[in-house]
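Peer 1: Supplied in structure tokens, the structure appears directly below.
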Amino acid sequence: MPDTRFDLAIVGAGMVGVCLALDAVDAGLRTVLIDQQPPGQGASAAAMGHLVVLDSDAEEMALCSLGLRRWREYGDLKRAQWQNAGTLWIAVDDAEQAPLLARQQAFAALGLHSEWLDPQSLAEAEPGLREGLAGALRVSGDALIYPPGALLDLLERIPTSLLTLRIGSPAIEIDDHSLTLADGSAISAGQRAICAGLHSTRLLPGLPLLPRKGQLAITDRGQSTVRHALVEAGYVATTQSGVGVACNLQPRPGGQLLIGASREAREDQKINQPLLGQMLSRAIEFYPSLAQMPLIRCWSGIRPSTADGHPFIGRWPRLERTFVAAGHEGLGITTAPATSQLLLQQILDPALPNHARFDPARVLQ
Ligand SMILES: Cc1cc2nc3c(=O)[nH]c(=O)nc-3n(C[C@H](O)[C@H](O)[C@H](O)COP(=O)(O)OP(=O)(O)OC[C@H]3O[C@@H](n4cnc5c(N)ncnc54)[C@H](O)[C@@H]3O)c2cc1C
């Protein structure tokens, strides 16, 4: 007999699925959260945890901004290791300064504070950066978290009276009536939301998701006095390129320094040593004393990405009562709470159309 106890079945207990489960239960929905592995083992486990507003376009910027606001509203998350670090977007020359000044205006239009630091102010803000930089845009409202800890904190917050966790068996098939797990059970829920990251395609053929592998390294404790997230202005271009590295340094509590970032169109998680070397060299160009800091771990994760760079958030028109939220690339931690808010509005109001920019149906046209 199909299980009909649920108003909402969510496939995928990554950051997106967990944020949605929290909102759904808050709204009174009896929710089942399904994952083939323990919560938070996918891309969300690998992420840097930079809660950052990017300005690639107005809608994405608004999504980031809403995400950050909602992260703050979550309040005290014990394992999230929240740091109000802010971001320094670093310009190496005048050519990189101009787009950052444009970004400052875009932020101001959204009510976000940012300020231009000239070379001297930049050196005072982060004395370990190399000399000769053109300056940086400081975005004070950006923050840093430890994503796996934050995810578990959010999950623990969800009252178990309305949440059922189904861990260990993947969802293997979905049709208009039912969702079938590999263990043979059929989950029958009023609405279904596929938040299975890169693997959402397996359940929703026709929804193209692309792997963007990223590698990270972290130093030993007590090494770093970095205070901000330090990201080179050129980072944004690498988010759109096939393969590339950019300096992206993030302080962790205890004086560790987290080092990113690389991108390549691959799905394997094997460390690509030459690319890791390029990534570290790039970081050392900006922060020379990093060369003396011992690294204790390197790892990789796969960002779920889309061809046009925008996530899929909304109703999936090929199936009844089915929604998808996937493809957030390098912004899924930041935007998960905003994604869940948008999606829940649609789940609760069947008349609400898909948001044009994030509409999953755009790939079917
Ligand atoms: C190296 C790296 C650095 C990053 N840094 C940042 C950052 O600083 N800031 C930021 O905002 N974002 C960052 N990201 C991006 C972010 O990690 C992702 O966008 C986000 O985690 C995606 O979350 P998700 O819930 O969609 O997917 P996932 O976390 O991958 O979760 C999907 C879940 O679905 C489950 N699943 C899949 N298929 C099935 C199935 N058939 N049945 C049941 N369960 C299934 C998986 O087991 C998994 O638990 C980074 C990513 C990487 C790789």
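The numbering used here puts the first residue of the sequence shown at 322, with every later residue one more than the last.
Even glycine gets a Cβ: it sits at the ideal position worked out from N, Cα and C.
If you're wondering where the values come from, they're calculated on a predicted model, not measured in any experiment.
1) Drop a sphere of 10 angstroms on the beta-carbon of P323, count the other beta-carbons inside from all chains shown, and report buried for 16 or more, exposed for fewer.
2) Quick one, which of F428, S506, A657, T643 has its alpha-carbon nearest P671's?
3) Rounded to the nearest angstrom, what separates L640 and D497 at their Cα positions?
4) Rounded to the nearest angstrom, how far is the Cβ of L465 from that of A586, given a contact under 8 angstroms?
5) In this structure, what does DSSP give as the bridge partners for P281?
6) Suppose the cutoff is 8 angstroms on Cβ atoms and the five residues either side in sequence are ignored; what does the same chain contact list for P529 look like?
7) First and last residue of the beta strand (DSSP E) that includes I580?
8) Quick one: Cα of S482 to Cα of A510, how far?
9) Check P323 in the structure and name its three-state DSSP category.
10) Could you tell me the distance, in whole angstroms, from the CA atom of D415 to the CA atom of T559?
11) Is D356 near ligand 1, in the sense that its beta carbon is under 7 angstroms from a heavy atom of that ligand?
12) Between A677, A659, L664, V332, which has its C-alpha nearest C385's C-alpha?
13) Suppose the cutoff is 6 angstroms on Cβ atoms and the five residues either side in sequence are ignored; what does the same chain contact list for M600 look like?
14) Assign G518 to one of three DSSP states: helix, strand, or coil.
15) Would you call the region 588-600 in contact with the region 612-626, where contact means no fewer than 3 C-beta pairs closer than 8 angstroms?
16) Which term fits I331, buried or exposed, when burial requires 16 or more other beta carbons within 10 angstroms of its beta carbon?
17) Candidates L663, P638, I634: which alpha carbon is nearest E650's?
18) Near Q418, which residues of its chain fall below 7 angstroms by C-beta distance, leaving aside the five closest residues on each side in sequence?
19) For a quick check, are the C-beta atoms of R542 and G581 less than 8 angstroms apart?
20) When you compare the region 345-352 with the region 372-382, are there three or more beta-carbon pairs, one atom per stretch, that lie closer than 8 angstroms?
21) Three-state secondary structure (DSSP) at D541?
22) Kindly indicate which residue of G630, Q686, P638 has the alpha-carbon position closest to the one of E380.
23) Since I believe R636 is in contact with Q662 (beta carbons under 8 angstroms), could you give me their beta-carbon distance rounded to a whole number of angstroms?
24) Following the continuous beta strand (DSSP E) through V460, name the residue where it begins and the one where it ends.
Peer 2: Here's the rundown:
1) Position 2 of the sequence shown, counted from the first residue, corresponds to residue 323. Confidence at P323 is low in this model, with a pLDDT of 45, below 50, so the placement of that residue should be treated as unreliable; the coordinate-derived value is given next. When all chains shown are included, P323 counts as exposed.
2) One-based indexing of the sequence shown puts residue 671 at position 350. Of the candidates F428, S506, A657, T643, the one whose C-alpha sits nearest the C-alpha of P671 is T643.
3) Counted from its first residue, the sequence shown places residue 640 at position 319. Counted from its first residue, the sequence shown places residue 497 at position 176. Straight-line Cα distance between these residues: approximately 6 angstroms.
4) Position 144 of the sequence shown, counting from 1, holds the residue named residue 465. Position 265 of the sequence shown, counting from 1, holds the residue named residue 586. Not a contact, Cβ separation roughly 27 angstroms.
5) Here the chain has residues from 322 to 686 only, and residue 281 is not among them.
6) To locate residue 529, count along the sequence shown from 1; it is residue 208. Only T522, T627, A628, V684 meet the Cβ criterion.
7) Here the question's residue 580 lines up with position 259 in the sequence shown. Segment 577-584, the beta strand (DSSP E) holding I580.
8) Here residue 482 refers to the residue found at position 161 when the sequence shown is read from its first residue. Here residue 510 refers to the residue found at position 189 when the sequence shown is read from its first residue. S482 and A510: Cα-Cα distance of roughly 17 angstroms.
9) For the purposes of this step, residue 323 is taken as the residue at position 2 of the sequence shown. For P323, the pLDDT reaches just 45, beneath the cut-off of 50, and the residue's location in the model is therefore unreliable, leaving the point undetermined.
10) For this step, residue 415 is matched to residue 94 along the sequence shown. For this step, residue 559 is matched to residue 238 along the sequence shown. Cα-Cα distance, rounded: 19 angstroms.
11) Indexing the sequence shown from 1 puts residue 356 at position 35. D356: yes, Cβ under 7 angstroms from ligand 1.
12) The count along the sequence shown starts at 1 and reaches residue 385 at position 64. Nearest option by C-alpha distance: A659.
13) Residue 600 sits at position 279 when you count from the first residue of the sequence shown. If we look at M600 and ignore the five residues flanking it on each side, its Cβ neighbours are V566, S583.
14) Counting from 1 along the sequence shown, the entry for residue 518 is found at position 197. Note: G518 maps to helix in three-state DSSP.
15) yes
16) Taking the first residue of the sequence shown as 1, we reach residue 331 at position 10. Buried is the call here.
17) Counting from 1 along the sequence shown, the entry for residue 650 is found at position 329. That would be I634, whose Cα lies nearest to the Cα of E650.
18) As a working mapping, residue 418 is identified with position 97 in the sequence shown. Excluding residues within five positions, the ones whose Cβ falls inside 7 angstroms are A412, A455, G456.
19) The count along the sequence shown starts at 1 and reaches residue 542 at position 221. The count along the sequence shown starts at 1 and reaches residue 581 at position 260. Cβ distance not < 8 angstroms, so R542 and G581 don't count as in contact.
20) no
21) Numbered from 1 along the sequence shown, position 220 holds the residue referred to as residue 541. In this structure, D541 counts as coil in the three-state DSSP scheme.
22) As a position in the sequence shown, residue 380 is number 59, starting the count at 1. Answer by Cα proximity: G630.
23) Within the sequence shown, numbered from 1, the residue matching residue 662 stands at position 341. Within the sequence shown, numbered from 1, the residue matching residue 636 stands at position 315. About 16 angstroms separates the two Cβ atoms, so there is no contact after all.
24) The residue you call residue 460 lines up with position 139 of the sequence shown. Here the beta strand (DSSP E) through V460 covers 456-460.
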